[in-house]
Every structure is written in C-alpha cells, then in structure tokens.
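Trainee: Start counting the sequence shown at 1; every next residue gets the next number (full-length UniProt numbering). Positions of the beta carbon are idealized from the N, C-alpha and C atoms, including for glycine. Note that the coordinates shown come from a computational prediction; the quantities given were computed from them, not determined experimentally.
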Amino acid sequence: MAATRFSMRTILAQQTERTKGSAPTQIKQFIVDSDSRVDSLQNEIVALESQIAALVELRDRECATGAALRSLIAPIRTLPAELLAEIFVLTIRRDLKTPRLSVHVGDNSLCAVQIKDPFRVSHVCRHWRRIATGLPELWTGTVEVPFSPKLGEEEEEGEKYVNGLRAWFARSKPHAVSIAIRTPPYALSQTEFGSRLAGELRHVATRTRSLRFLDRASAWLVQHVADGRWDSLEELELGGVVADDDSDDDFVGTTILSFQTTAPQLRTLSIDLCSRIPMPWGQLTNLTILRDSMRIIPPEYVRDILSQCKNLVRASVFVVGWADHPPPKTDMLALDHLRVLTVHCIGDATHVLFLDYLSAPALDDFQLYFPYNNGDTEWPQAALTAFQLRSPNITKLKIDGSGFTMSADALIAALRHAPSLTDLTLVYCLDFSDNALLNVLCYTDGSLEPLVPRLHSLTIGEIHQDASQDGLARMITSRWWSDTKLASRPTVPAVARWRQIILIQDDSLSWGFKPSPKFQDRMDELRQSGLAVELIDYDSFY
C-alpha cells in the first residue's frame, strides 16, 4: 500500500472540531456517510484498475507483435537451415572432446552444465527445435556421468540429473554415444540412486561407442554398469578396479566381468592389467596398459597379454624386470602389424629384457620413456640395437629420460641403426655438454655414410646450459639449404634438409638452456631463409 500523504493526528483534530456539541447519534451518521464514500471510491478504483489491466494487456500484446515482426525480418531468419545448424554446433560444442553432460558439485550447490545449451536452443521456436533435434552432433558428444554422493543426497537435483540424462539419450537415438564415468572419492556405491544411474547407462549399452572409467572404480560399479552386451563398443578405458570396501589388497576382477564375448567391435583399449578382467585381446588394434602407482604389473603377465594381441597397430606399455628368471630368448613375441610403440621403463636395467623378446618389423614410431627413474638405470644399448635390427623401418624416435642421462656414444649407436629415421625427439636424456653428437650429425659434402641421412625434423628438450651453442648452430646450419641454394648445388646432398627444428628453452632453472643473442640471431637468419625453427618455452612445450 502506498504511503498516506496526511497526518492521522491532523484528521483527528479536524473531526474533533467538527463534532463539538454533536450527539452520539449524529456522529454515528457521520460514520455511515464516510463508509459510503469509501465504498464508492473503492468501486471507482476497481473500475480504473480493470481499465488499466486491459490497457496493460493491449500494450504487452503490441510489444509481442512488434517483437514478432522484428524477428521475421531479423538477419538470422534469412540464414539457410544448414548454416544455422553449423552455428549451433560451433557455439554449443566448442570442443568436441569435452564431455557434454557433467555435474559440478561444490559450495553446497549442484548444477548440470553444458546440457542446458542444446535444450535451450531447441525451445526457442519450432524452426530452431526442428533443426536442433535433427543434429546428432548436439546429442552424441561424450557424456560425463559422475557417481557423486552429492547426487544421491540432493533428491530433487538428482532427479533432475537423471531426467536430463534420459532425455539426452533419447535425443541421441539411434546414433552411437560416448560415456565417461567419474568416480570421485567416497563415490556412490551400492545405493538406489547409483543403481538408477547404472541402469540408465545399460539402456544405451548396445549403441555406446566409447566407455571410459576415468577413476578407480569399485567392483560393484564396474559390474553394474558394464555387465551386458556392448555390440557397438569400439573404445574402452578401464583403470584400477578395487574391492567394494576400497581395501588396498590387490583385487582380481576375473569373476565379476568379462568382455571376451560381449564387445565384438572393441578395437581400442586402455586398461590397468591388475584388474585381470578378460578382454577380446585378439581383435584389438590399439592397446594402452595403464599403471596404478600402488601396484606393479608382473612382466610375465604383460608378455602373456601381448602374445594374444596379434593385430595390434598401436601399443603403449609399462614394463619392469622379471623378479626371477626370464623366459628363454627363443620364445620371441612377434607383433607383425605394430606401427607405433611406446615403452615406459620402470626400475633398473632388467626392464630391457622386454625388448629382447619383441619383434615388430612394421614399426614406424618408437617412443622410449624412463619415468620414476632412481638414477640406477642403465642404457639398454645391446637390447635396443638388436630390437632396431628387427625393426628396420622406424622413422620416428623419441627418448624421454626424465632425469636419466645417456652418453653421446650410446645415442650415436642407436642412430646408426636407424637408417630410415626422419623425426627425432630428445627430452631430458642428453646434456650436450660435449659436441660428440653434434659433430657426428654435422654434414659435409663428400661424407660417405652420414648419420641418419633422412632426418628432417628434430626436437630437443631441456638442453643443459653448458651445451655448445656454436656447435648446435653449426650442426643445424650444415643440414639446411634454402630453395635457391639447393637448386644451385651441382650435386644433391646426401642428407635431407631440415623441415622443422624445435628447441626448448627454460629460464626457470639455473642450468636450463638460455640461447645467447648470437645464437638467436643465427636462428633468425635460418628462419628468414625458410627453415621452420622454433625456440619454445618449457611451459609451452609440456
């Protein structure tokens, strides 16, 4: 009610003066007359309010009419449906790898993110709804499903999430979907809500293309989600599987689940082998063996698994040495289709035995990592040389020492057995404090057997500050000719010219590589002559 513009005290004084000498019956009549005037005024107010409401409705209707007319001539109305669809996709799915349905839990709030945009677009108008619902790209992105305790506690929000998830899957029909399962600490376990979520995922199992368990998961969760037919499953990521009580004891999952006959299309697998869940190893083309930092995978088990993967094209493995006696070397593990191999060597020199038992004649890309190095690791020169002789077609080689330092002679020996090498990446494995490697890589006309003659791309990370910058510049220059100089040469060089040089500089470490002005000027000259040479900061490279 609006504030009165009169004083009750003033009104009381006026009526006191007015009724002086009046009998009570007269005052009662004054009251009746006043009430009558109030009723009359109230009726007038009601009539005016009715007129105002009608006018407000007319005004709002005209506003809506104007907005509708403006929308009819808006530029977006003239866009072809195909272009509008592309705008929807680019706006809503900015990153195709980003999970499209996720839940943010924090500050006592729970909200679904990213799922709202497609639904909002589809509710703007019939035209937009028809376009949005006909776009599989909006409804088939990766769905991240968090089995969070917050979902189970907030009944209303949890119900909204399940309904949103169900609607999302309904819109995606009949296309394939990708699911990523997040299991934070103290995740939903054997609860009614957890069972509902697992049930929703099982309903789309037959058209799920990718299934990823992003964290360690309980046996109950894995069994309730993954048990069934996965006829369209092409990619599976399954990290550590733990007992339902989350004990530290090793858990063997052979009794809870098997994908051997339930995933006929499975080709790409990332797995912690400690779970021991049976897989259709023979049909895999891509295999990544994950490592749980708390448990060690026996090398004989790794070898047994790889012996069943005859069709592998890409493989990434963590290997350790045999605790007792290794198997006889005559028992060679042949992976004839393998083209990309990444080996993470853990522990001391016994890990090199893995290469002793592997034959990969089609190998093209070989990456060797030494994580968790304790300083006692020895460079596996003999094993590596023998492996290279069995894999003569390697064109890409990466060695990441993570603190493990090899000698220049050892690296030179490895390069001499890589005649097809075109791309070389050395990270934190050679300090370049002497010029031995740089001198051997330098090319001079007339060289009979230049080292790695096909090499055209070089990446060097974490160069020691004592490295000879003059020697590095000289080596790079010796294998580079501009188009003009190359055309004017009387003979073709016996080595390929550079296509790309990447050098990692690090000002954050006292011993890090800090290019001198002279070195930078020389690289600028090479860049101006056409060489793609980059000096990249450490943080940008990793």
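Could you give the DSSP three-state label for Asn311: helix, strand or coil?
Mentor: What you label residue 311 is simply residue 311 of the sequence shown in a count that begins at 1. Three-state result, Asn311: coil.
Trainee: Could you tell me the distance, in whole angstroms, from the CA atom of Ala176 to the CA atom of Leu138?
Mentor: Against the sequence shown, residue 176 aligns to sequence position 176. Against the sequence shown, residue 138 aligns to sequence position 138. If you take the alpha carbons of Ala176 and Leu138, they lie about 12 Å apart.
Trainee: Output the distance between the C-alpha atoms of Glu144 and Ile179, rounded to the nearest integer angstrom.
Mentor: Counting from 1 along the sequence shown, the entry for residue 144 is found at position 144. Counting from 1 along the sequence shown, the entry for residue 179 is found at position 179. Going by the C-alpha atoms only, they are around 6 Å apart.
Trainee: Hey, does Ser391 have any beta-carbon neighbour from chain B nearer than 9 Å?
Mentor: Of the chains in the structure shown, none is chain B; there is only one protein chain.
Trainee: Which residues bound the alpha helix (DSSP H) around Ile92?
Mentor: As a first step, residue 92 must be located in the sequence shown, where it is residue number 92. Counting along the chain, the alpha helix (DSSP H) containing Ile92 begins and ends at 81-92.
Trainee: Would DSSP call Tyr428 helix, strand or coil?
Mentor: Your numbering for residue 428 matches position 428 in the sequence shown. Residue state, collapsed to three classes: coil.
Trainee: For Leu312, which residues in the same chain have their Cβ closer than 7 Å to its Cβ, ignoring the five residues on either side in sequence?
Mentor: The residue labelled residue 312 in the question sits at position 312 within the sequence shown. Same-chain partners within the cutoff: Leu284, Thr285, Leu287, Leu335, His337, Leu338.
Trainee: Relative to the alpha-carbon of Asp364, which residue among Leu83, Arg416, Leu211, Ala315 has its alpha-carbon at the smallest distance?
Mentor: Here residue 364 refers to the residue found at position 364 when the sequence shown is read from its first residue. It is Ala315 whose Cα lies nearest to the Cα of Asp364.
Trainee: Alpha carbon to alpha carbon, what distance is there between Ser122 and Leu58?
Mentor: As a first step, residue 58 must be located in the sequence shown, where it is residue number 58. As a first step, residue 122 must be located in the sequence shown, where it is residue number 122. Approximately 29 Å, taken between the alpha carbons.
Trainee: Let me know the secondary structure DSSP gives His104 once reduced to three states.
Mentor: The sequence position of residue 104 within the sequence shown is 104, counting from 1. Only weak support exists for where His104 lies, its pLDDT of 42 falling under 50; the value from the coordinates is given anyway. Here His104 sits in strand by DSSP.
Trainee: Alpha carbon to alpha carbon, what distance is there between Leu451 and Ser427?
Mentor: By 1-based counting over the sequence shown, the position of residue 427 is 427. By 1-based counting over the sequence shown, the position of residue 451 is 451. The sequence as given places Val at residue 427; Ser does not occur at that position. About 20 Å.
Trainee: With distances taken Cα to Cα, identify the nearest neighbour of Glu235 among Gln381, Trp281, Ala410.
Mentor: Here residue 235 is taken as the residue at index 235 of the sequence shown, counted from 1. Measuring from the Cα of Glu235, the nearest candidate turns out to be Trp281.
Trainee: Mark Leu110 as exposed unless 16 or more other C-beta atoms lie within 10 angstroms of its C-beta, in which case mark it buried.
Mentor: Sequence index remark: in the sequence shown, residue 110 carries index 110 (1-based). Confidence at Leu110 is low in this model, with a pLDDT of 33, below 50, so the placement of that residue is unreliable and no value is reported for it.
Trainee: With DSSP collapsed to three states, give me the class of Lys518.
Mentor: For this step, residue 518 is matched to residue 518 along the sequence shown. Lys518: helix per DSSP, three-state reduction.
Trainee: What residue does the alpha helix (DSSP H) around Gln14 start on, and which one ends it?
Mentor: Residue numbering aside, residue 14 sits at position 14 when the sequence shown is read from its first letter. Its alpha helix (DSSP H) spans residues 8-18.
Trainee: Give the straight-line distance between the Cα atoms of Thr491 and Gln260, rounded to the nearest whole angstrom.
Mentor: By 1-based counting over the sequence shown, the position of residue 491 is 491. By 1-based counting over the sequence shown, the position of residue 260 is 260. Their backbone Cα atoms lie some 59 Å apart in a straight line.
Trainee: Here's the rule: buried if 16 or more other CB atoms are within 10 angstroms of the residue's CB, otherwise exposed. What is Gln388?
Mentor: Reading the sequence shown from its first residue, position 388 is the one you call residue 388. So Gln388 counts as buried.
Trainee: Using three-state DSSP, classify Ile45 as helix, strand or coil.
Mentor: Position 45 of the sequence shown, counted from the first residue, corresponds to residue 45. Of the three classes helix, strand and coil, the one that applies to Ile45 here is helix, per DSSP.
Trainee: Between Asp423, Val340, Asp521, Thr16, which has its C-alpha nearest Ala473's C-alpha?
Mentor: Along the sequence shown, read from residue 1 onward, the residue named residue 473 stands at position 473. If we check each option's Cα against that of Ala473, Asp521 comes out closest.
Trainee: For the beta strand (DSSP E) containing Val177, list its first residue and its last residue.
Mentor: If you number the sequence shown from 1, residue 177 lands on position 177. Note, Val177: beta strand (DSSP E), 177-182.
Trainee: Use the C-beta contact count for Tyr369: other C-beta atoms within 10 angstroms, 16 or more gives buried, fewer gives exposed.
Mentor: As a working mapping, residue 369 is identified with position 369 in the sequence shown. With 16 or more Cβ atoms within 10 Å of its Cβ, Tyr369 is classed as buried.
Trainee: So what does DSSP say about Gln212, is it helix, strand or coil?
Mentor: Locating residue 212 in the sequence shown gives position 212, where the first residue counts as 1. According to the sequence provided, residue 212 is Arg. The question's Gln does not apply to it. Arg212 falls in the strand class under three-state DSSP.
Trainee: How many Å lie between Leu355 and Ala386 at the Cα?
Mentor: On the sequence shown, residue 355 is found 355 positions in, with the first residue counted as 1. On the sequence shown, residue 386 is found 386 positions in, with the first residue counted as 1. Cα to Cα, Leu355 sits roughly 8 Å from Ala386.
Trainee: At what residues does the alpha helix (DSSP H) containing Lys485 begin and finish?
Mentor: Along the sequence shown, read from residue 1 onward, the residue named residue 485 stands at position 485. Start and end: 483-488.
Trainee: Please report the distance separating the alpha-carbon of Glu192 from that of Phe147.
Mentor: Here residue 192 refers to the residue found at position 192 of the sequence shown. Here residue 147 refers to the residue found at position 147 of the sequence shown. Distance between the alpha carbons of Glu192 and Phe147: 12 Å.
Trainee: In terms of alpha-carbon separation, which member of Leu458, Ser478, Ser457 lies closest to Tyr443?
Mentor: Along the sequence shown, one-based indexing puts residue 443 at 443. Among Leu458, Ser478, Ser457, the Cα nearest to that of Tyr443 is on Ser478.
Trainee: Do you know how far the Cα of Leu266 is from the Cα of Glu200?
Mentor: Numbered from its first residue, the sequence shown carries residue 200 at position 200. Numbered from its first residue, the sequence shown carries residue 266 at position 266. Rounded to the nearest angstrom, the two C-alpha atoms are 21 Å apart.
Trainee: What are the boundary residues of the beta strand (DSSP E) that includes Gln500?
Mentor: Counting from one through the sequence shown, the residue named residue 500 turns up at place 500. From DSSP, the beta strand (DSSP E) with Gln500 extends over 500-505.
Trainee: For Pro146, which of helix, strand or coil comes out of DSSP?
Mentor: Taking the sequence shown and counting its residues from 1, one reaches residue 146 at position 146. Note: Pro146 maps to strand in three-state DSSP.
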